[in-house]
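Numbering-wise (this note's numbering), the sequence shown opens with residue 3 and increments by one.
Backbone N, C-alpha and C define an ideal beta-carbon position, used for all residues, glycine too.
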Amino acid sequence: MMLHSAEKDIDEKAVGAVLKAAGVKADDARVKALVASLASVDIGEAMSQAIAAPAAAAPAAAGGSSDAPVAEEAAAEEEEDDGAGFEGLGSLFG
Numbered sequence: 003m004m005l006h007s008a009e010k011d012i013d014e015k016a017v018g019a020v021l022k023a024a025g026v027k028a029d030d031a032r033v034k035a036l037v038a039s040l041a042s043v044d045i046g047e048a049m050s051q052a053i054a055a056p057a058a059a060a061p062a063a064a065g066g067s068s069d070a071p072v073a074e075e076a077a078a079e080e081e082e083d084d085g086a087g088f089e090g091l092g093s094l095f096g
């Protein structure tokens with residue numbers, strides 16, 4: 003996200019530099035896999051969806067109506083779908 007926000011290319015060199023600056027010893031194979039998996043992801047769209055999801059759930063929770071369990075269930079399903087583009091990325095970081 004930092005590279006996207008800085009309008010930099012998301013490539014192995016840039017991701018490696020960010021990890022190095024954070025004090026993380028990066029495994030080159032994992033960095034390469036991460037960059038390959040992000041190639042098909044629209045990061046700007048994913049970020050806007052991640053920001054919009056909690057904002058949409060907040061009014062439903064604040065309403066206090068008897069429909070609250072249904073709203074919470076729908077919000078939970080929506081959150082699960084938002085991560086579909088990042089499926090398996092957690093395994094890259096052990």
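Specify the secondary structure class of residue i as computed by DSSP and reduced to three states.
{"i": "G18", "result": "helix"}
{"i": "K34", "result": "helix"}
{"i": "S39", "result": "helix"}
{"i": "A23", "result": "helix"}
{"i": "I45", "result": "helix"}
{"i": "A54", "result": "helix"}
Along the chain, where does the alpha helix (DSSP H) containing residue i start, and where does it finish?
{"i": "S7", "result": "4-7"}
Report yes if the C-beta distance between residue i and residue j is below 8 Å; otherwise report no.
{"i": "V20", "j": "L5", "result": "yes"}
Judging by CA-CA distance, which residue of the options is the nearest neighbour of residue i?
{"i": "D29", "options": "S42, L40, K15", "result": "K15"}
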